[in-house]
Amino acid sequence: MCSGSYLESGTILKSKEYITITLRDYGYMPHRNTSNKDIEKAYQLSLELNKKLILVLDKKEYISKYHVPNGALISKLPRESIRARNAIYANSEVNLFKESGPAYLSHYLNKIKTIIIDFCDGGPDSNLSFY
């Protein structure tokens, strides 16, 4: 199912020429995990904005369960380095997340556009009464 190519260390992307979607694939609160529908929406947004789409991996071994659109780039670098994560988010036109730790990191970066998909989806710390 993976038809994207991996973004290698040292690859230089121009600032604001791409958008990201960070894949969440975690056992705790699995309803927060990224779906293929989320990736498709991110891809459609990238086409509308005329930007490249970069999928930021949670776990490399899970990439095969996702449908990766043709032309999308896949990055495992942010998983391996907080500096790489900061850089990829800081230079993106917009960053898409499911509710997760990395989503909140983007709030601390200057002038970053963030969209959290399915925010307040009903978990114990993710509902309107919590906030």
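Everything in the sequence shown is counted per the numbering used here, starting at 1110 for the first residue and increasing by one. Even glycine gets a Cβ: it sits at the ideal position worked out from N, Cα and C. Keep in mind the model is a prediction, meaning the values are calculated, not measured.
Between the Cα of residue i and the Cα atoms of the options, which residue gives the shortest distance?
{"i": "I1226", "options": "T1143, K1125, Y1137", "result": "T1143"}
{"i": "K1295", "options": "P1178, Y1137, E1170", "result": "Coverage of the chain is limited to positions 1110 through 1240, which leaves residue 1295 absent and any answer about it impossible."}
{"i": "I1163", "options": "K1150, N1145, I1172, I1128", "result": "I1128"}
{"i": "E1189", "options": "G1180, L1166, S1173, Y1152", "result": "L1166"}
Between which residues of its own chain and residue i is the CB-CB distance below 6 Å, once the five residues before and five after are set aside?
{"i": "K1125", "result": "E1202"}
If you draw a straight line from the alpha carbon of residue i to that of residue j, how long is it in whole angstroms?
{"i": "P1178", "j": "Y1217", "result": "29 Å"}
{"i": "K1168", "j": "P1187", "result": "11 Å"}
{"i": "Y1198", "j": "T1131", "result": "10 Å"}
{"i": "S1155", "j": "Y1175", "result": "17 Å"}
{"i": "I1172", "j": "G1180", "result": "15 Å"}
What three-state label does DSSP hand residue i in the structure shown?
{"i": "L1182", "result": "strand"}
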